[in-house]
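> What follows is a structure written as structure tokens; I'll ask about it next.
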Amino acid sequence: MILPVIFAPFGASSVETSFSWQDKIIALDAGHGGTDLGAQYPPECADDGNPSDCKVYEKDVNLAVVYALKQKLEAAGANVVLTRECDENIARRKDRVDLAIEKCKSNFGRKCDVLVSVHHNGNIDITHDGTMVIYNEKQDIPLAEALLETLWPLTGNNEGLDHGGYGMTVYGHLISVITEAYYITNAQEALWYLDGTLMSVSDYDTGSTCDYQVRFGNRVEEEAQALYDGLFNYFNSSGDGGGNGGGKPDVPPGKNK
Ligand SMILES: [Zn+2]
């Protein structure tokens, strides 16, 4: 007997898909870059002016996750643009949004549907881990909720939504969020990242010319899959902002990098 193929991306027996990835333009932003390292492991190892004390830079984890997510989205048929494509410095958040808007327009002829800025959090406590998603405008909340829902099982510690004054979404009226899937200052998270294979981005993604090396491994793939699932749920439930319910956003403790 030949069974029909049922698309079931996250464990459901069948999923009614109300959108097509081919119609979506997704901008991905790898946080930090160049001399802007982001959070570090061991925590604040570069603060003495000597970055060689560090084993992991947040900027590298962000770049690896963005490329892993790009591959999954493109395999599904989505249109993807990257703000930071390699290890370049992008000084201002407004520049990242401007880059996203320009590339969506020049590559695909219209505005991006969403912008997801991928970060990892920092804390001086190497045992602390958790997940949060940061939004700025009310229009960003459904996307923030959808991504938090699929990301937080990675750490088991839901630190909620943070209403941050990051200002990414005030430019270009682009729906955007910042994800902090876990703390890269956490010793276990750093080990999982370091377990990955060090390779040039251009070896991982043949469409890229970036020779900068980062690590690709299980933790990067798990996070990219969670982000993919969250984007799927967002587009599938709302398209442009119906959302999928959820409570009032929590305000988490601590600082974010
Ligand atoms: Zn960051």
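Our numbering puts the sequence shown at residues 195 to 451.
For glycine and all other residues, C-beta sits at the position ideal for the given N, C-alpha and C.
Is H322 near ligand 1, judged by its Cβ being under 8 angstroms from some heavy atom?
Position 128 of the sequence shown, counted from the first residue, corresponds to residue 322. Every heavy atom of ligand 1 is 8 angstroms or more from the Cβ of H322, so no.
> Find the nearest neighbour of I378 within the set P237, A224, L293, judged by alpha-carbon distance.
Position 184 of the sequence shown holds residue 378. Minimum Cα distance to I378 is reached at P237.
> Which residue spans inside the segment 354–413 form an unbroken beta strand (DSSP E) run of at least 3?
Listed in chain order, the complete beta strand (DSSP E) runs (minimum 3 residues) inside the segment 354–413 are 370–377, 391–394, 407–410.
> What residues match up with G227 in a beta bridge as DSSP calls it?
Start at 1 with the first residue of the sequence shown, and residue 227 comes out as number 33. According to DSSP, which records beta bridges pairwise, G227 is partnered with D230.
> So, with DSSP's three-state summary, where would you put S431?
Along the sequence shown, read from residue 1 onward, the residue named residue 431 stands at position 237. Three-state DSSP puts S431 in a helix.
> Identify the residues that DSSP records as bridge partners of H313: which are they?
Sequence index remark: in the sequence shown, residue 313 carries index 119 (1-based). As DSSP reads the structure, H313 sits in a beta bridge with E374.
> Ligand 1 heavy atoms versus the CB of N256: any closer than 8 angstroms?
Counting from one through the sequence shown, the residue named residue 256 turns up at place 62. Result yes, Cβ under 8 angstroms from ligand 1.
> Have a look at V408 and Y235 and give me their C-alpha separation to the nearest angstrom.
Translated into positions along the sequence shown, residue 408 becomes position 214. Translated into positions along the sequence shown, residue 235 becomes position 41. About 15 angstroms.
> Evaluate L293 with the Cβ neighbour count: other Cβ atoms within 10 Å of its Cβ, from every protein chain shown; 16 or more gives buried, anything less gives exposed.
On the sequence shown, residue 293 is found 99 positions in, with the first residue counted as 1. With 16 or more other Cβ atoms within 10 Å, it is buried.
> Pair every Cβ in the segment 219–229 with every Cβ in the segment 306–321, then say whether three or more of these pairs are closer than 8 angstroms.
yes
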